[in-house]
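Beneath this line is the structure, given in structure tokens, with notes to follow.
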Amino acid sequence: MDYKATLNLPKTDFPMKANLPQREPEMLAWWEQQKLYDQIQAMGQGRPRYVLHDGPPYANGRIHIGHALNKVLKDIIVKSKTMSGFQSPYIPGWDCHGLPIEHQVMKELGEKKKDLSVSDIRKLCRAYAQKYVDLQREEFKRLGVLGEWDQPYLTMTPGYEATIIREFGKFVEQGGVYKGLKPVLWCTQDQTALAEAEVEYDDHVSPSVYVKFPVVTSPEVLGKTFPGVAFPEGIKLVSVVIWTTTPWTLPANQAVCLHRDFEYAFVQVGDELLIVAEKLLGTVAKGCGITDYRVVGVKKGGEGFEGLETQRPISTGLSPILLGDFVTLDQGTGCVHIAPGHGMEDYILVLDHNAKASPGEKLEIVAPVDNGGRFTDIVKEFSGQHVFKANPKIVDYLHANGRLLGYGSLSHSYPHCWRCKNPVIFRATEQWFVSMEINDLRKAALAEIEQVRWIPSYGRDRIFGMIENRPDWCLSRQRVWGVPIPGFTCEGCRHVLADPVVIEHIASLMESKGADVWFERSASELLPAGTICPKCGGATFEKERDILDVWFESGVSYAAVAKPKKWWPTDLYLEGSDQHRGWFHSALLAGVTTDHRAPYKAVLTHGFVVDGQGKKMSKSAGNVVAPQDVIKQSGAEILRLWVSAQDYREDLRISQEILNHLIEAYRKIRNTSRFLLSNLYDFNPDVHRVPYEQLPELDRWALMRLGELVGKVRRAYDDFEFHAIFHAVNNFCSVDLSAVYLDILKDRLYTFRADSPVRRGSQTVLFDITVALAKLLAPILSFTAEEIWRMLPGVARKEWTSVHLTLFPENLAVWRDEKLAARWEQLLAYRSLVQGELEARRREKVIGSSLEAHVHIEAGPDAYQFLISYAEELSALFIVSRVTVKRAEGKMEDIRVTVERSDAAKCERCWNYREAVGSDTTHPTLCDRCVEAVR
């Protein structure tokens, strides 16, 4: 008789080799054919809703590894919320307007751009954006991300553009929008204003200059102004010394600022007196190469300096000394050169001064620099020169005129344009702003931050500090590819018309014709009939040329996407940690302005992707990992596993070595799943399921461990602790299953009668574990979980064709058994001791397979009573042929294990060594248990 044919050997079509790069696209096609996302949403009708609102990626270029991290994280959350019993829709979006797209289109056009109208350029920008929306959509879908891919939200659709205009209208209606001359971050390369979120800080070498501002008041008079300061005889010049790293701003100087409470030294150097902060005197002397000096007196900034006038070093006119709290003693001289056209603090100081000053004492907001960063004709000496290139010449000019006291260079962190990577400048231009103070926007936004759950918690501090210290929001950009600011200027009196009724009229136009209508029609064609200037009654207007900040466009996405569906406020915003000053920031200000609350209940941030050594990725460094390459080589599933396996709140490392480790971990999960499925080929849960109460302890222990895993994984999904899921599942597969339960189970699965209650009981548990694992893994390993699901017995899938239509498993109360847990903790500890002895005898060549062993255990009283109660199960538990338990002579607290080679005969079928082998003459080579199985 062929006894091998009587064994219940594993059978499954679930392949050991995953072949993910080929198999995943087939799964995606099946999901699409099944309209899986639509099925999930239909099934969720009537459930509580959980909405993750997608932050729109930029429609420019192919996706990179950061995109993959972001979209997979979102997909894990949406799927896990769906399987937790929520309806969790996901509408992906794209940011389609703005400088990067316009810049790329203009670059591709070259000289041809001169012959094209604004409308023509906008059409090309639209086509460019649509091209990358389509490309990125397919790449995101390839990651296994489910969503409304056929109906995403795009910031360039007419409906969305109309929403932008309407939300802007609400800002205007609140009274916080104004147009004014104010210093803003300006890119001279791209020739546009930039938001704080559009700059990045990098090292930059700037000139470091100490410049004298001579006080026009004579030393004799100054002696009376500063009693107690001993003005020496023969002093020809008294100068306030400033320090700056931007000599190019000196032509715009309007004042010098000191701190009221700092002490300033009058320092004699030859026949001159220099005024600097006393605490910085040593640094200044060293920086200027001054060795021979003496202090003749010290006065606080508030003791006589205010109002004194100084000569400007380059431009004509006099600069008064003002007092300000922003002056520090960190570096410099404690005396600050004030150019309100090139600095926000300078600007505010001058505004405060002008508010109190008489007409003749008011200072100007001067910025003699054009859009390209070149000096205008106002600065005759340097006209036409770029400000950075003019710096050395300005230094030479100061030196020639005797105003330069010291010169050097300084390497420091400096703002650069996020797009072209060039250093930016502060430049006063006429722009549209949202006031942070009118309507207490800053105060309201800070209060609303406290109502939001920030994950991780330090996100609250980051955005709080940014809102607390930010300037007014500059809304305007000097580009053409975007949504225009719906403002008009009266040609007669230059009054700016920004009227909510007019704005709604423009929004309605755009809703039907798109934002292009603004660029294709004249002001009179755009305005409602009969519009007149409220100031002068004029009827002729110019339309605004600037477009809205793209951060405003994406910031109001909740109004375009969530509010119409009554999904507002949304449950979660999730993006990279840089979005505290980007999307989270603009959305907060928009929500607080228009609806008096944040548009989100919680905000979750992830870190950035770096290489295996923690270094930033760059093409020049050759350390870029492209998601397309990983998918082609290993499959999207490995990328999904990578996302889940690390703590995404920190920067995430990726390298081929890291991916190789994850591939090994994936194989372990896959092979465990394959073993489970291969032992269910003859199991029908409707027919063969064994009730829990009839299961042996080993099976109940496995269900208890499964229940603990279910609880742990579900908590981790709820807390967004995805790396805990990876480690919990990996540990369950490696330790609880492979090293213990499945290892012990093989004998009964393969050698017991197919319909044996013990085997059916174990199959019941294997089935429950397989189903639970498929469900628990589905949000992360979406392809593999589906593959497992499709391999389950057909009756198990009769209700749900896809694992993604199911709910997470429950940790059933009946599975929880603390006494069972304690007993099996002890049994498994004994098992480890026995395994150690078996391994020692194996090394000594006493035994080969553990089935050749006869284990002898001497046990103390308590251990003996415990072990003898499991006498029938011990050989199976230890995977040996025989276990003899004996009460120890004398005192023994626990157990002593010895191993010898069994002297019994080996069963041909089960390979156990048993005394009963040969007792049946019909099957002389089988043990009694196998004889029973083959009859």
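Using our numbering, you'd call the opening residue of the sequence shown number 94 and step up by one each time.
Ideal placement from N, C-alpha and C gives every residue a C-beta, glycine not left out.
- The stretch 157-169 makes no contact with the stretch 671-680: fewer than 3 CB pairs, one atom from each, lie closer than 8 Å.
- Val643 is the residue among Phe355, Pro149, Val643 whose C-alpha sits nearest the C-alpha of Glu289.
- In the displayed model, Ile578 falls within coil according to three-state DSSP, outside both helix and strand.
- Distance from the Cα of Glu618 is smallest, within the candidate group Thr633, Lys628, Pro627, for Thr633.
- Within the model, the alpha-carbon separation for Pro150 versus Ala222 is close to 11 Å.
- Counted as a single uninterrupted DSSP element, the alpha helix (DSSP H) harbouring Glu911 occupies residues 911-936.
- When the beta-carbon positions are compared, Thr765 and Leu835 come within less than 9 Å of each other.
- From the listed residues Asn515, Lys393, Val265, the smallest Cα separation to Gln284 is found for Asn515.
- With a cut-off of 8 Å on Cβ pairs, the stretch 939-956 is in contact with the stretch 978-986, counting three or more such pairs.
- In the DSSP annotation of this structure, the continuous segment of the alpha helix (DSSP H) that includes Thr844 starts and ends at 835-844.
- Using a Cβ distance threshold of 9 Å, Phe519 and Glu260 do not count as a contacting pair.
- Rounded to whole angstroms, the gap between the alpha carbons of Arg935 and Leu944 is 11 Å.
- Note on geometry: alpha-carbon atoms of Glu371 and Ala378 lie some 11 Å from one another.
- Counting only runs of at least 3 residues, the stretch 722-797 fully encloses the following beta strand (DSSP E) elements, listed from N- to C-terminal order: 745-747.
- Around the CB of Lys805, 16 or more other CB atoms lie within 10 Å, so the residue is classed as buried.
- Under the 10 Å beta carbon count, Phe419 is surrounded by fewer than 16 other beta carbons and is classified as exposed.
- Annotation: Asp439 is outside any beta strand (DSSP E); the continuous alpha helix (DSSP H) that includes it extends over 437-449.
- In the three-state reduction of the DSSP assignment, Tyr957 falls in the helix class.
- Residue pairing by DSSP places Gln524 opposite Gly273 in a beta bridge.
- Rounded to the nearest angstrom, the Cβ distance from Gly436 to Pro276 is 6 Å, consistent with a contact under 8 Å.
- Bridge pairing for Trp547: Val696 [DSSP].
- The criterion of a C-beta distance shorter than 9 Å is not satisfied by Leu343 and Ala286.
- If only complete runs of 4 or more residues are kept, the stretch 250-327 shows the alpha helix (DSSP H) at 251-267, 312-318, in order along the chain.
- The stretch 817-905 contains, as complete alpha helix (DSSP H) runs of 4+ residues, the segments 835-844, 850-870, 875-883 (chain order).
- Excluding its 5 nearest sequence neighbours in each direction, Arg782 has C-beta neighbours in its own chain below 6 Å: Thr857, listed in chain order.
- Between the beta-carbon of Val480 and that of Gly466 there is about 5 Å, and that keeps the pair under the 8 Å contact cut.
- Contact between Gln282 and Pro325 does not hold, since the beta-carbon distance rounds to 51 Å and is not under 8 Å.
- In the DSSP assignment, Tyr651 falls outside any beta strand (DSSP E) and within the unbroken alpha helix (DSSP H) covering 650-654.
- The Cβ-Cβ distance between Ser569 and Leu641 falls below 9 Å.
- DSSP lists Tyr151 as the bridge partner or partners of Asp188.
- Residue environment for Gln958: exposed (fewer than 16 other C-beta atoms within 10 angstroms of its C-beta).
- If the five residues before and after Leu166 are omitted, its C-beta is found closer than 7 Å to the C-beta atoms of Leu667, His699, Val736, Tyr741, all from its own chain and listed in chain order.
- Closest in alpha carbon position to Tyr507, among Glu231, His897, Glu293, is Glu293.
- When rounded, the separation of the alpha-carbon atoms in Tyr357 and Ile383 is 17 Å.
- Among the bridge pairs identified by DSSP, Arg142 is matched with Gln180.
- Taking C-beta atoms under 8 Å as the contact rule, Val545 and Ala652 fail to qualify, at a distance of about 18 Å.
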